[in-house]
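Note that UniProt numbering gives residue 167 to position 167 of the sequence shown, counting from 1, and the numbers run on in steps of one.
Here's the structure, in structure tokens; my notes come after.
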Amino acid sequence: MSFPTTSRFQSSHYLTSNATGHNYSRYYTGSSGSSNLNRYPASGTGSAGRTNFNNTTTTYGSSYQPNYSHNPITKVPVVTATRGLMPSNSRPTYRSPPDPPSISRNLDPLHNSKPLPSTPMPAYKDAIAPSPASTTTGAATISSKTYETPNSTKIESLDISQRHRGGRVGLSNLGNTCYMNCIVQCLSHTKPLLELVLDCKDDQGLPDNGPVSGPFKRLLKELWSPDPVSSYARPTQLRVSMGRYAQRFSGYGQQDAGEFMRYLLEALHEDSKRNKSTGRNKYSRIQPIDFEELDKLSDLEKSKLLWERYISVDSSPIIDIFVGQLKSTLECCHCGHKTTTFDPFWDLSLSIPRGRSTNLQSCLKLFTSRETLEGDEMPTCEKCKARRKCDKSFSLYRLPKILVVNLLRFTREGFRTKLDTLVDYPFDLDLTPFVDAESRQANQFGTRYSLYGVSEHSGTTLSGHYTATVRHAYDPNKWMAFNDTRVSNSTAEAAVSSLGYVLFYEAVDSSAQTNGSVASEREP
Numbered sequence: 001m002s003f004p005t006t007s008r009f010q011s012s013h014y015l016t017s018n019a020t021g022h023n024y025s026r027y028y029t030g031s032s033g034s035s036n037l038n039r040y041p042a043s044g045t046g047s048a049g050r051t052n053f054n055n056t057t058t059t060y061g062s063s064y065q066p067n068y069s070h071n072p073i074t075k076v077p078v079v080t081a082t083r084g085l086m087p088s089n090s091r092p093t094y095r096s097p098p099d100p101p102s103i104s105r106n107l108d109p110l111h112n113s114k115p116l117p118s119t120p121m122p123a124y125k126d127a128i129a130p131s132p133a134s135t136t137t138g139a140a141t142i143s144s145k146t147y148e149t150p151n152s153t154k155i156e157s158l159d160i161s162q163r164h165r166g167g168r169v170g171l172s173n174l175g176n177t178c179y180m181n182c183i184v185q186c187l188s189h190t191k192p193l194l195e196l197v198l199d200c201k202d203d204q205g206l207p208d209n210g211p212v213s214g215p216f217k218r219l220l221k222e223l224w225s226p227d228p229v230s231s232y233a234r235p236t237q238l239r240v241s242m243g244r245y246a247q248r249f250s251g252y253g254q255q256d257a258g259e260f261m262r263y264l265l266e267a268l269h270e271d272s273k274r275n276k277s278t279g280r281n282k283y284s285r286i287q288p289i290d291f292e293e294l295d296k297l298s299d300l301e302k303s304k305l306l307w308e309r310y311i312s313v314d315s316s317p318i319i320d321i322f323v324g325q326l327k328s329t330l331e332c333c334h335c336g337h338k339t340t341t342f343d344p345f346w347d348l349s350l351s352i353p354r355g356r357s358t359n360l361q362s363c364l365k366l367f368t369s370r371e372t373l374e375g376d377e378m379p380t381c382e383k384c385k386a387r388r389k390c391d392k393s394f395s396l397y398r399l400p401k402i403l404v405v406n407l408l409r410f411t412r413e414g415f416r417t418k419l420d421t422l423v424d425y426p427f428d429l430d431l432t433p434f435v436d437a438e439s440r441q442a443n444q445f446g447t448r449y450s451l452y453g454v455s456e457h458s459g460t461t462l463s464g465h466y467t468a469t470v471r472h473a474y475d476p477n478k479w480m481a482f483n484d485t486r487v488s489n490s491t492a493e494a495a496v497s498s499l500g501y502v503l504f505y506e507a508v509d510s511s512a513q514t515n516g517s518v519a520s521e522r523e524p
């Protein structure tokens, strides 16, 4: 298994530094029309690398607008929001996006060893359907019964009231592909995404002929067949298409579930873009930002302008569902001058505070807490025209319809370790304390979220296994546990476990009724 990409996000309103004068300059790349206060060296059209001094994890990766036209397998993950700073002596450079092996960070011993089989999990009781007999050869589990063709039943023709019969099909493990299976099951019960597959026309949702969206749609339709020909499906086509899209997934080595999710969402986004322009042509109608005029706008006006510029280039149904906007604030401790910037994010990757146990609110507090930049990290204040000690902070500004939270359980302290800290996460999540006060009323989806899916990891960094616990998309009282081909009944309480790794929350109306009684018992 590889480990989560914890890179921040690329920006177009950018601050850079160098070792000699730490002279910060802003430039516009035209990729998203957003802003960033982080000091990362630019790479290609904006790939970023950083060193996180909090946990000494070196990461590479995230380009917000990579140019993929020259090489179909040169991919970088989609944007994720995490904390971290580059060393002050790093100088911005301009180079092509790295090949996939260079962004795998080579810190995982599995990259230099033979693939290890997934750790077997005990059979679940009260199974919905028994798993077919299987034999194990090396790292791959080969089932004696396989089905490549989805049921011929027209899923789209079913009345919505009948869909509670679907969504209960497992996925065979093709050889260390449990990381893929657990994410597919969580996304399969992501209702806005599922409706793109079942309800939308091809030109409005995910295209049938997309390199990744095609196999993904066919697989989801098989999972949602009300009368499946088998208790499990084989995700062979999706694995092959993702291996072509991102080379790291072409083999049978263990991979990271959160990282796979980012690549998959990026691939679906690329296939379903409303604006199919590529290369420099896609920015031809975007005018450079007048930063002096931009600074005169209120934060709400600036946020709206930069968001509209971003979606004018990168609009897709996937962005409509998963992407939010983050606000960064840099305040000079000498003169009090503030600079605010805005960046889109696809998921929140949260560091886990040290200790035997913690909760999701503490992780969010750590993410949004103020940190002081001093010493070699001091930036140049635009007003003082000199390097000054500054305070830096983040806040959530525009919230997505679906919020994905990645708990960073893997660290490197001389060697790879996994944090088994119990993270208590609620069913009902109120993000109000972490959302910028000015934007709370303007958020389209509100600030309250309900948990509907959890990707869990058991085992160690050397040999582990992924499973998923998911709430049925059309039967909110039904929870299911997915362990590759095994599908069993579960409970809402079982979804909150020490194994939680990737959490899926959906925005709910402030008046919606959710599992409040259970959540209140778990919230601090």
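All C-beta atoms in this analysis are idealised placements derived from N, C-alpha and C, irrespective of residue type, glycine included.
Straight-line Cα distance separating residue j from residue i
i, j, result
"residue 479", "residue 303", "38 angstroms"
"residue 350", "residue 430", "16 angstroms"
"residue 360", "residue 239", "32 angstroms"
"residue 411", "residue 201", "43 angstroms"
"residue 208", "residue 194", "14 angstroms"
"residue 473", "residue 505", "12 angstroms"
"residue 467", "residue 487", "10 angstroms"
"residue 330", "residue 368", "13 angstroms"
"residue 199", "residue 362", "39 angstroms"
"residue 205", "residue 267", "14 angstroms"
"residue 390", "residue 371", "8 angstroms"
"residue 386", "residue 462", "48 angstroms"
"residue 428", "residue 335", "41 angstroms"
"residue 338", "residue 345", "22 angstroms"
"residue 366", "residue 353", "8 angstroms"
"residue 306", "residue 343", "8 angstroms"
"residue 25", "residue 439", "The predicted position of residue 25 is uncertain, since its pLDDT is 33 and thus under 50; a value taken from the coordinates is nonetheless stated next. Using only the alpha carbons, I get a separation of about 28 angstroms."
"residue 170", "residue 443", "36 angstroms"
"residue 187", "residue 164", "16 angstroms"
"residue 320", "residue 272", "11 angstroms"
"residue 380", "residue 374", "11 angstroms"
"residue 484", "residue 255", "15 angstroms"
"residue 265", "residue 318", "7 angstroms"
"residue 459", "residue 477", "30 angstroms"
"residue 299", "residue 340", "8 angstroms"
"residue 447", "residue 508", "8 angstroms"
"residue 216", "residue 388", "50 angstroms"
"residue 210", "residue 355", "45 angstroms"
"residue 241", "residue 247", "10 angstroms"
For residue i, the nearest candidate out of the options (CA to CA)
i, options, result
"residue 257", "500, 374, 475 and 487", "500"
"residue 469", "452, 463 and 459", "452"
"residue 394", "436, 485, 379 and 482", "436"
"residue 398", "374, 445 and 388", "445"
"residue 384", "180, 503 and 332", "332"
"residue 245", "260, 167, 378 and 273", "260"
"residue 419", "438, 457 and 388", "457"
"residue 190", "322, 247, 271 and 407", "322"
"residue 426", "364, 180, 214 and 237", "364"
"residue 531", "503, 380 and 298", "Look at the range of the chain in this structure, 1 to 524, and you will see that residue 531 is not part of it."
"residue 220", "185, 243, 247 and 210", "185"
"residue 214", "262, 269 and 274", "269"
"residue 357", "212, 347 and 409", "409"
"residue 236", "327, 378 and 181", "181"
"residue 402", "262, 192, 166 and 392", "192"
"residue 327", "392, 377, 309 and 489", "392"
"residue 233", "490, 482 and 491", "482"
Boundaries of the alpha helix (DSSP H) in which residue i is found, first to last residue
i, result
"residue 346", "Residue 346 -> no alpha helix (DSSP H), and no H or E assigned at all."
"residue 361", "360–368"
"residue 493", "492–495"
"residue 241", "236–245"
"residue 218", "213–223"
"residue 303", "299–314"
"residue 165", "Segment: none, residue 165 is in no alpha helix (DSSP H) and carries neither H nor E."
Residue range of the unbroken beta strand (DSSP E) whose run includes residue i
i, result
"residue 479", "475–483"
"residue 405", "402–408"
"residue 184", "Counting along the chain, residue 184 falls outside any beta strand (DSSP E), though it belongs to the alpha helix (DSSP H) covering 178–188."
"residue 456", "448–459"
"residue 424", "422–424"
"residue 191", "No beta strand (DSSP E) holds residue 191; the alpha helix (DSSP H) holding it covers 191–198."
"residue 398", "390–398"
"residue 262", "It is not in any beta strand (DSSP E) - residue 262 instead sits in the alpha helix (DSSP H) that spans 257–271."
Closer than 7 angstroms: residue i CB and nearest the ligand FAD heavy atom
i, result
"residue 324", "The ligand FAD is not part of this structure, which contains no ligands at all."
CB contact check: residue i to chain B, cutoff 8 angstroms
i, result
"residue 371", "Here there is only one protein chain, and chain B is not present."
- prompt: If you pair each beta-carbon of the segment 228–235 with each one of the segment 309–317, do three or more pairs fall below 8 angstroms?
  reply: no
- prompt: Do the segment 238–254 and the segment 167–178 meet, that is, are 3 or more Cβ pairs less than 8 angstroms apart?
  reply: yes
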